[in-house]
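Residue numbers (our numbering): 7 to 306. Positions of the beta carbon are idealized from the N, C-alpha and C atoms, including for glycine. Working notes, beginning with the structure itself.
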């Protein structure tokens with residue numbers, strides 16, 4: 007029994023060592039290209055003409071890295087796939103599919119969502135129905151969002167879940183959410199945070215569905231937007247509202263804890279993290295934060 011335990015421990019250490027070694031071997035330039043790709047799409051006012059030019063240059067560079075055999079690890083192939091995922095034609099999308107298949111073959115634990123999305127985009131580029139359901143479209147700026155035509159006979163919901171894609175029923179719900187108004191529009195009318203909270207409470211208690219997106223994620227995301235603008239007290243009010251509206255959601259408590267700690271409300275913050283961990287024992291972030299404050303000076 008002791009030998010078996012030691013063997014298992016050695017194998018575990020070996021696997022971790024290999025994983026760390028592979029991460030250390032990731033191409034830093036591909037990491038940088040990936041981060042630039044994502045950052046371009048997170049600006050408040052997106053200049054698509056400029057981004058299109060940058061995307062083209064990034065694809066050109068990735069081709070050069072592939073040709074010179076500098077794409078090695080699963081993360082390298084995944085980062086490269088995202089660059090081609092933002093291409094404009096079936097050639098680029100086909101490259102994204104090929105690169106993500108390679109990434110998955112090198113590391114079966116890597117997220118397969120990008121593979122599903124690349125497959126769907128490649129099909130779309132050839133005027134074929136998507137099969138996973140990752141792509142949403144609308145005909146014009148004022149038109150509603152729709153789920154792009156999907157062939158539901160090719161992929162099961164189990165396969166969708168395995169690829170980090172929602173079930174068909176959840177995809178239909180996603181369309182409804184996409185067509186709701188963002189809660190930021192309410193705050194931009196000039197009302198106070200207190201008035202906004204009262205508005206959210208009223209909307210949630212109405213029998214008819216609100217025309218605004220008042221989901222846990224929407225409120226949470228706007229709370230973080232306020233934190234980015236150093237409006238931490240306003241953000242705290244939103245996170246407290248989120249806990250009130252969604253008391254069984256572990257992430258609402260996680261975000262509340264983060265905001266409280268930022269405001270130096272340590273005990274309340276740790277209490278929120280403990281509640282989050284109780285709701286979701288797999289919440290490693292909450293576990294790490296709690297340990298950090300219980301054992302100050304320890305590296306995690």
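- Boundaries (first-last residue) of the alpha helix (DSSP H) holding residue 291: Element bounds for residue 291: 290-300.
- May I ask you to report which of helix, strand or coil DSSP gives residue 172? Residue 172 carries a coil assignment under DSSP once its states are collapsed to helix, strand and coil.
- Query: Which two residues bound the contiguous alpha helix (DSSP H) that contains residue 44?
  - Reply: 34-46
- Message: When you compare the CB positions of residue 246 and residue 219, do they come within less than 8 Å of one another, or not?
- Response: no
- Task: Assign residue 187 to one of three DSSP states: helix, strand, or coil.
- Result: Residue 187 falls in the strand class under three-state DSSP.
- Message: Looking at residue 266: is its Cβ nearer than 8 Å to the Cβ of residue 275?
- Response: It is a contact, given that the beta carbons lie within the stated cut-off.
- Any idea if residue 256 is buried or exposed, counting beta-carbon neighbours within 10 angstroms, 16 or more meaning buried? buried
- Item | For residue 52, three-class secondary structure by DSSP | Residue 52: coil per DSSP, three-state reduction.
- Message: Using a 10 Å radius around the Cβ and a threshold of 16 neighbouring Cβ atoms, would you call residue 99 buried or exposed?
- Response: buried
- Task: State yes or no: is the C-beta of residue 243 within less than 8 Å of the C-beta of residue 262?
- Result: no
- Task: Take residue 173 as the anchor and find which of 140, 32, 200 and 196 has the nearest alpha-carbon.
- Result: 140
- Message: Quick check: the Cα distance between residue 235 and residue 162, rounded to an integer number of angstroms?
- Response: 43 Å
- Query: DSSP three-state call for residue 136: helix, strand or coil?
  - Reply: strand
- Identify every residue that forms a DSSP beta bridge with residue 156. 136
- Item | Limits of the alpha helix (DSSP H) - the one that residue 272 falls within | 272-285
- Item | Same chain, Cβ closer than 7 Å to residue 105, neighbours up to 5 away in sequence not counted | 83, 86, 87 and 90
- Task: Please go through the same chain and pick out, in chain order, the residues whose beta-carbon is closer than 8 Å to the beta-carbon of residue 296, but skip the five residues on each side of it.
- Result: 276, 279, 280 and 283
- Does the Cβ of residue 79 have 16 or more other Cβ atoms within 10 Å, making it buried, or fewer, making it exposed? buried
- Query: Along the chain, where does the alpha helix (DSSP H) that runs through residue 161 open and close?
  - Reply: Here residue 161 belongs to no alpha helix (DSSP H), and DSSP marks it neither H nor E.
- Item | Spatial neighbours of residue 232 in its chain, beta-carbon cut-off 6 Å, leaving aside the 5 residues before and after | 240 and 241
- Item | residue 256 - partner residues in DSSP beta bridges | Beta-bridge pairing links residue 256 to no other residue.
- Using the C-alpha atoms, what's the distance from residue 208 back to residue 201? Pairing residue 201 with residue 208, the inter-Cα distance amounts to about 11 Å.
- Message: Just verifying my parser: in three-state terms, what is the DSSP assignment at residue 77?
- Response: coil
- Leaving aside the five residues before and after residue 46 along the sequence, list all residues of the same chain whose C-beta is less than 7 Å from its C-beta, in chain order. 57 and 60
- Classification of residue 64 by the beta-carbon crowding that lies within 10 angstroms, buried from 16 upward: It is buried - the Cβ of residue 64 has at least 16 other Cβ atoms within 10 Å.
- Task: Within 10 angstroms of the Cβ of residue 31, are there 16 or more other Cβ atoms? Answer buried if so, exposed if not.
- Result: exposed
- Query: What are the boundary residues of the alpha helix (DSSP H) that includes residue 239?
  - Reply: Counting along the chain, residue 239 sits inside the alpha helix (DSSP H) bounded by residues 238-251.
- Of the residues 301, 250, 193 and 226, which one's Cα is nearest the Cα of residue 210? 250
- Just mark residue 77 as buried or exposed, buried being the case when its beta carbon has 16 or more other beta carbons within 10 Å. buried
- Task: State yes or no: is the C-beta of residue 238 within less than 8 Å of the C-beta of residue 268?
- Result: yes
- Along the alpha helix (DSSP H) that carries residue 196, what are the first and last residues, could you check? From DSSP, residue 196 is part of no alpha helix (DSSP H); its letter is neither H nor E.
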